[in-house]
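A short write-up of the structure that comes next.
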Amino acid sequence: MTRENGLGWALSRIAQIRGVPLDEVRLQHALSEAGGRDDADLSPADVQRCAIFLGWSAAAVQDVPDRAQLPLLAQADTEGWGVLVDAAAGGGWLFERPGALLQLDPDAALLQVICVGMPANAQTAVQGGFVLRLRQALRRYRGTIIEAIAASFFINLLTALMSFFSLQVYNLVIPSHSKDTLTVMLLGVLMLMVVDLLMKLARSKVMARAVVGMDGSLSREIFQRLLKVRLDQMPGSVGSLAGQLRGYEQVRNFYTASTLFSLVDLPAALVFLVIIAIMATPWLAAVPLFVGAVSLAVGILFRHRVQQLAAAGVRESNMKTGLLVETIEGAETIKASQGGWQFLSKWVDLNSKAIDNDMKMRHTTDGFNYYLGSAQQLSYVLLVSLGAWFVIQGEMTMGALIASSILGGRVLSAVMQMPSLLVQHAHAKAAIDGIESLYRLKTDNEGVSRPLLPTRLAGDYSLQGLVFAYPDSPPALQVANLRIQAGERVAILGPIGSGKSTLLKVMTALYQP
68 MTRENGLGWA LSRIAQIRGV PLDEVRLQHA LSEAGGRDDA DLSPADVQRC
118 AIFLGWSAAA VQDVPDRAQL PLLAQADTEG WGVLVDAAAG GGWLFERPGA
168 LLQLDPDAAL LQVICVGMPA NAQTAVQGGF VLRLRQALRR YRGTIIEAIA
218 ASFFINLLTA LMSFFSLQVY NLVIPSHSKD TLTVMLLGVL MLMVVDLLMK
268 LARSKVMARA VVGMDGSLSR EIFQRLLKVR LDQMPGSVGS LAGQLRGYEQ
318 VRNFYTASTL FSLVDLPAAL VFLVIIAIMA TPWLAAVPLF VGAVSLAVGI
368 LFRHRVQQLA AAGVRESNMK TGLLVETIEG AETIKASQGG WQFLSKWVDL
418 NSKAIDNDMK MRHTTDGFNY YLGSAQQLSY VLLVSLGAWF VIQGEMTMGA
468 LIASSILGGR VLSAVMQMPS LLVQHAHAKA AIDGIESLYR LKTDNEGVSR
518 PLLPTRLAGD YSLQGLVFAY PDSPPALQVA NLRIQAGERV AILGPIGSGK
568 STLLKVMTAL YQP
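Just so it is clear: in the sequence shown, position 54 is 121 by our numbering, and no numbers are missing.
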């Protein structure tokens, strides 16, 4: 059975019954994604892939048709694919296929019965912007992200356990000259190091699976949104729009990169401080606590400046991309009009602004890094000096001082991640704003809950009082009255810029008057 009369027709018919618009081109692509085989050979898993590609929920296979969930997609043994539309009066089912409504006997063999989930209407499917879809994608992989966060917290606990190795070596092993104890402790620490490595590898693999899943759904969603934008809503610089959409990679990398899990180190740092206070003295824990708090405050002050520079940098980068794309596409026109010097002047100006912004960003982040480096050194010196004082006073041991210095370094290492996190977050935020600008553009069926999808056009056109204008521009086309009947041959004549192409685009619904 051909796809025009098989599964493709059945899916179109179910969508029509439920009032859900279905693009024929997208349906054909979905059928190709289902496996590219004959309809009779498609498995339930293939049909599920087809439904997911169409933006519907995964199809649910039923052993016995449930009348409450009609219409149902079904494959009969003798009739092929069709739609179960109702239960027959004398038993069995009403089975619809192209050009016929059949009554299947109660004992008729149904190879597959599948319930396809669809959105209530088209408007539900397009509500919200990119931030909403990003949250939905993150929520979909919430379990995976929680597993990665738990692994990060466990890795920090292993670090705390390793610090006790120094404590025991200086307090027990060296004074007692116990080589056997040292050997056992060394083997234990090596085992912890192996577990630490395995945990990091597992976390990386788990997040890689989440990245692939999120990228598959979000990138397709963004590109589909781009295809739905009305032509009259397209910005003047297509290259800049391409640069904005390319920023999606920065968003994906920020929310799934391993550096994001350094945020887990902040609550773990509080645990390290408690361990220092118990193992040594609360006064010793106060040193990294104070330095870390001041560093966090400075980071918050730097945050606004970094976001401003990142937004400006993304804007300049998108403009450079737009100019480059437009230059390549219009190379013939540029050469013919000898206008290369104008594009060169724009390129030099944009490049100068981009370099200046990059230097400001580098100066800001370098200054923050230098401060954090100095703060870390100051914390180490103060911690060792104060700890040595308590050791001399006999209030703590040498092993506690060494272990506290190790944990104090771990506390500040979490703060040291802030510059890179601030920069990545600023770029991700600017990229989200750029993608959101795409979702603010009007689509082909803006405000229409159930767009019409006619299968046959009569060809009669009637235009009355038609006016079209580009955004923030005077009317480019005005038609008082125009009637074109089916079969007529009409020539549209006029000079360049009179609106001939615009009229055709309005009549084909590419532009909205």
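Where is the CB? At the ideal position from N, CA and C, for every residue including glycine. Quick caveat, the model's predicted, so the values are computed rather than measured.
Between the alpha carbons of K295 and L577, how many angstroms are there, rounded? 10 Å
Of all the alpha helix (DSSP H) runs that stay within the bounds of the segment 173 to 254, which reach a length of 4 or more residues? 189 to 193, 197 to 207, 209 to 235
Classification of W456 by the beta-carbon crowding that lies within 10 angstroms, buried from 16 upward: exposed
By alpha-carbon positions, which one of G561, A398, L488 ends up nearest to Q317? L488
Identify, in the order they occur along the chain, each residue of the same chain with its Cβ nearer than 7 Å to the Cβ of R202, setting aside the five sequence neighbours on each side. none
Beta-carbon within less than 6 Å of A497's beta-carbon, same chain only, minus the 5 sequence neighbours each way: which residues are those? A377, A378, V381
Do S233 and G184 have their beta-carbon atoms positioned less than 8 Å apart in this structure? no
Express the C-alpha separation of G407 and T400 in angstroms, rounding to a whole number. 10 Å
Going by alpha carbons, who is nearest to F197 out of Q405, A495, S471, L78? A495
Validate contact between the segment 86 to 99 and the segment 143 to 161 using beta carbons, cut 8 Å, 3 pairs: no
Identify the residues that DSSP records as bridge partners of P355: which are they? P355 is not bridged to any residue.
Please report the distance separating the alpha-carbon of A481 from that of I181. 51 Å
For P562: DSSP bridge partner residues: Beta-bridge pairing links P562 to no other residue.
Quick one: grab the DSSP three-state call for W123. coil
Among V236, A217, A227, the one whose alpha carbon lies nearest that of V273: A217
Boundaries of the alpha helix (DSSP H) in which N418 is found, first to last residue: 407 to 459
Give me the Cα-Cα distance between G561 and K567, rounded to the nearest whole angstrom. 7 Å
Can you name the residues that DSSP bridges to S529? R550
Alpha-carbon spacing of I342 relative to L479, whole angstroms: 15 Å
Identify the residues that DSSP records as bridge partners of A141: which are they? G149, V180
DSSP three-state call for P334: helix, strand or coil? helix
Suppose the cutoff is 7 Å on Cβ atoms and the five residues either side in sequence are ignored; what does the same chain contact list for I627 look like? Past the edges of the chain, shown from 68 to 580, lies residue 627, and the structure says nothing about it.
Would you mind sorting T191 into buried or exposed? The rule is 16 or more other CB atoms within 10 Å of its CB. Reliability fails at T191, whose pLDDT of 44 lies under 50, so the model's placement of it is uncertain and the value that follows must be treated cautiously. Looking at its Cβ environment, which holds fewer than 16 other Cβ atoms inside 10 Å, T191 is exposed.
Cβ distance (whole Å) where A154 is taken to contact R134 below 8 Å: 5 Å
Beta-carbon contacts of M574 that lie in its chain and below 8 Å, excluding the five residues immediately before and after: Y528, L530
Considering just the uninterrupted stretch of the alpha helix (DSSP H) at E316, what are its terminal residues? 315 to 323
Among E396, R429, S540, which has the Cα closest to the Cα of Q374? R429
L439 and S362: beta carbons closer than 8 Å? yes
Would you report the Cα separation of L239 and A275, rounded to the nearest angstrom? 44 Å
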